[in-house]
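Before any comments, here is the structure.
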Amino acid sequence: ETRDLSFRLRQLDRLHKTILHYEAEILEALKKDLNKPDFEGYMTEIGMVYEEIRFVRKHLRRWARPKQVRTSAAQFPAVSRIYPEPYGTVLIMAPWNYPFQLALEPFIGAIAAGNCAIIKPSEYSPNTSMVIEQMIREAFPASYAFVVQGGREINQSLLSEKFDFIFFTGSPAVGRIVMEEASHYLTPVCLELGGKSPCIVDETANLGLAAKRIVWGKFLNAGQTCVAPDYLMVQETVKDELIHYIKKYIHQFYGENPCMNSDYVRIVNAKHFCRLLPLMESGEIIHGGRFHKERLQIEPTILDHVSWNSPVMEEEIFGPILPVLVYHDLREAISDINRHPKPLALYLFTNNKKHEQYVLKNASYGGGCINDTIVHLATSHMPFGGVGESGMGSYHGKASFDTFSHRKGVLKKSNFLDIPLRYPPYRHSLSLLKKVMK
């Protein structure tokens, strides 16, 4: 039944209507879990899911259609087609930082491709996870879609089961565990991981606009975004001016005391809060540095005099701390970046076309922006995913359909003509074969 195209479209409609019904509860849950303001919750979670459903519904008939491809002369007469088919039952393991969007967007792809799904939301965002469970239980039969809640033990139990496909979003460390467990059954995986995403600003950039977009992308969700600029690499000649603008926009966005701002997101739990505090000792705090332990908030913080060997540069920050490094030459900056694991994202602020082309050709990363931050993932028209240690596979739009589909190649041969060349005894067939296949 799930293979039927009209069935898939109906399930997407049902999901959309269910989200509409639960909109207020979703926003309330995001507020409880992360202190996420309604605007941010709608912009980065609910709205993106609506847009993905709309885009997938519009194009699904074309994507699901068998595609005829060319057949080689050696196979004449025949017709070759590629048939997309569902894997079967897929496991979707979602994180806590965008707990609604990162659970539902892969689910949209699973529905579109004709699969059944088990969704495992994060135990660190319990309120949102509960709403997701209520939504899915109300909208779909348990044999089609089901939500499983719990902590590490439940994760281990799920990974010990045989699924037809696993989609995981989380840290590289846990991604390795998922891949190892999947290997026991040779289960294919899509791993959406993370890493230290650099943000490069050269002397030709519009510094005021660059600072505004860096502050927005870095401190959105209190830095708890997998594609947030992890560290800043600024050309030495414009460092002071750029930092001046960054301070200006932090104050403009979050006020004199961000920890007292009701719209400023909190760190998800005490464990991550305590992990972040020592990282602020990695350099000189030139802005911010204050925190509120009871509310689990750390204000936007800029660190200067940081080196590649500083503790803050040895792990993905995933919080509102921005280390600043300087560079003299762009080649030197890219060389430094390339000595480290491939990042999930890279951002370049420049008005120099040669610099732009150099970075595009010489740095490997999942995706990114030129003269902006993080917005490259907010589109259904491009695939989103990592490379190397930042992940494998991609999703969003057509990429989601492809990720959750097996592409089955089928050649249909004619019964009216059977060329004897391929059959034994071969005798003089080799000379003829060489004329056909050369």
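Counting from 123, one number per residue, gives the positions in the sequence shown under this note's numbering.
Virtual Cβ for every residue (Gly too), placed ideally from N, Cα, C.
Model, not experiment: these values are computed from the prediction.
By DSSP's criteria, residue i is part of a beta bridge. Which residues make up the other side?
{"i": "His414", "result": "Gln419"}
{"i": "Ile322", "result": "Met355, Leu470"}
{"i": "Asp458", "result": "DSSP output for Asp458 lists no bridge partner at all."}
{"i": "Tyr517", "result": "Phe506"}
{"i": "Phe406", "result": "Note on identity: in this sequence residue 406 is Glu, with Phe being the wrong assignment. According to DSSP, which records beta bridges pairwise, Glu406 is partnered with Asp426."}
{"i": "Gly490", "result": "Leu468"}
{"i": "Leu533", "result": "Ser202"}
{"i": "His581", "result": "Absent from the model: residue 581. The displayed extent of the chain is 123 to 560, so no value can be given."}
Measure the Cβ-Cβ separation of residue i and residue j and say whether it is below 8 Å.
{"i": "Glu314", "j": "Gly507", "result": "yes"}
{"i": "Thr309", "j": "Phe285", "result": "yes"}
{"i": "His143", "j": "Tyr172", "result": "no"}
{"i": "Val178", "j": "Ala234", "result": "yes"}
{"i": "Cys238", "j": "Tyr205", "result": "no"}
{"i": "Glu478", "j": "Ile492", "result": "yes"}
{"i": "Lys588", "j": "Asn249", "result": "Outside the shown range of the chain, which is 123 to 560, sits residue 588, and nothing can be said about it."}
{"i": "Met355", "j": "Ile407", "result": "no"}
{"i": "Val428", "j": "Met435", "result": "yes"}
{"i": "Ile424", "j": "Leu444", "result": "yes"}
{"i": "Glu303", "j": "Gln271", "result": "no"}
{"i": "Ala273", "j": "Gly345", "result": "What sits at residue 273 in the sequence shown is Gly, not Ala. No. Outside cutoff."}
{"i": "Thr525", "j": "Gly513", "result": "no"}
{"i": "Thr291", "j": "Met215", "result": "yes"}
{"i": "Lys242", "j": "Leu280", "result": "yes"}
{"i": "Ser553", "j": "Leu543", "result": "no"}
{"i": "Pro422", "j": "Gly410", "result": "yes"}
{"i": "Gly231", "j": "Thr124", "result": "no"}
{"i": "Leu127", "j": "Arg183", "result": "yes"}
{"i": "Ile496", "j": "Val349", "result": "yes"}
{"i": "Ser522", "j": "Pro208", "result": "no"}
{"i": "Pro433", "j": "Leu401", "result": "yes"}
{"i": "Met257", "j": "Gln223", "result": "no"}
{"i": "Glu255", "j": "Val269", "result": "yes"}
{"i": "Ile368", "j": "Ile336", "result": "yes"}
{"i": "Glu438", "j": "Gly316", "result": "yes"}
For residue i, report the span of its beta strand (DSSP E) as first-last.
{"i": "His498", "result": "Neither: His498 is in no beta strand (DSSP E) and is coded neither H nor E."}
{"i": "Ser202", "result": "200-208"}
{"i": "Lys520", "result": "That residue, Lys520, is in no beta strand (DSSP E); its alpha helix (DSSP H) goes 520-525."}
{"i": "Pro445", "result": "443-449"}
{"i": "Gln190", "result": "189-191"}
{"i": "Met215", "result": "211-215"}
{"i": "Leu313", "result": "311-314"}
{"i": "Val269", "result": "267-269"}
{"i": "Ala239", "result": "238-242"}
{"i": "Phe290", "result": "287-291"}
Please identify the residue among the options whose C-alpha is closest to the C-alpha of residue i.
{"i": "Leu470", "options": "Arg461, Tyr487, Phe262, His462", "result": "Tyr487"}
{"i": "Lys560", "options": "Pro433, Ile541, Ser194", "result": "Ser194"}
{"i": "Ser202", "options": "Leu552, Tyr545, Arg453, Lys534", "result": "Lys534"}
{"i": "Glu283", "options": "Leu213, Val296, Leu342", "result": "Leu213"}
{"i": "Asn484", "options": "Ile459, Leu342, Val497, Ser536", "result": "Ile459"}
{"i": "Ala392", "options": "Leu418, Lys334, Ala232", "result": "Leu418"}
{"i": "Phe198", "options": "Ile541, Lys557, Tyr449, Gly273", "result": "Ile541"}
{"i": "His394", "options": "Trp218, Arg176, Gly513", "result": "Trp218"}
{"i": "Thr326", "options": "Lys361, Leu342, Ile299, Thr525", "result": "Lys361"}
{"i": "Gly330", "options": "Lys370, Asp126, Ser305", "result": "Lys370"}
{"i": "Ala196", "options": "Arg549, Leu539, Gly405", "result": "Leu539"}
{"i": "Asp494", "options": "Ala467, Ile299, Arg187", "result": "Ala467"}
{"i": "Asp324", "options": "Thr472, Glu162, Leu555", "result": "Thr472"}
{"i": "Ala455", "options": "His528, Glu438, Gln357, Ile389", "result": "Gln357"}
{"i": "Gly297", "options": "Val558, Asn328, Val509", "result": "Val509"}
{"i": "Tyr353", "options": "Tyr449, Glu260, Thr359, Cys381", "result": "Tyr449"}
{"i": "Val145", "options": "Phe161, Ile420, Arg132", "result": "The sequence shown places Glu at residue 145, rather than the Val named in the question. The option with the nearest alpha carbon to Glu145 is Phe161."}
{"i": "Lys415", "options": "Asp426, Glu174, Arg397", "result": "Arg397"}
{"i": "Ile276", "options": "Ile240, Tyr307, Ser305", "result": "Ile240"}
{"i": "Glu363", "options": "Ala332, Leu555, Pro294", "result": "Ala332"}
Specify, as a first and last residue, the run of the alpha helix (DSSP H) that residue i falls within.
{"i": "Ile372", "result": "361-376"}
{"i": "Ile175", "result": "169-186"}
{"i": "His477", "result": "475-484"}
{"i": "Pro228", "result": "223-235"}
{"i": "Ser551", "result": "551-558"}
{"i": "Gln197", "result": "Unbroken run through Gln197: none, as it is neither H nor E."}
{"i": "Thr124", "result": "Run containing Thr124: none; DSSP gives neither H nor E here."}
{"i": "Ser251", "result": "248-261"}
{"i": "Ser305", "result": "294-305"}
{"i": "Val337", "result": "329-341"}
{"i": "Gly163", "result": "160-163"}
{"i": "Ala392", "result": "392-398"}
{"i": "Gln278", "result": "274-281"}
What distance in whole Å lies between the Cβ atoms of residue j and residue i, which are believed to be in contact at a cut-off of 8 Å?
{"i": "Leu134", "j": "Val387", "result": "Incorrect: roughly 30 Å between the Cβ atoms, too far for contact."}
{"i": "Pro320", "j": "Pro465", "result": "6 Å"}
{"i": "His503", "j": "Gly519", "result": "6 Å"}
{"i": "Glu147", "j": "Val311", "result": "Glu147 to Val311, Cβ: 31 Å. No contact."}
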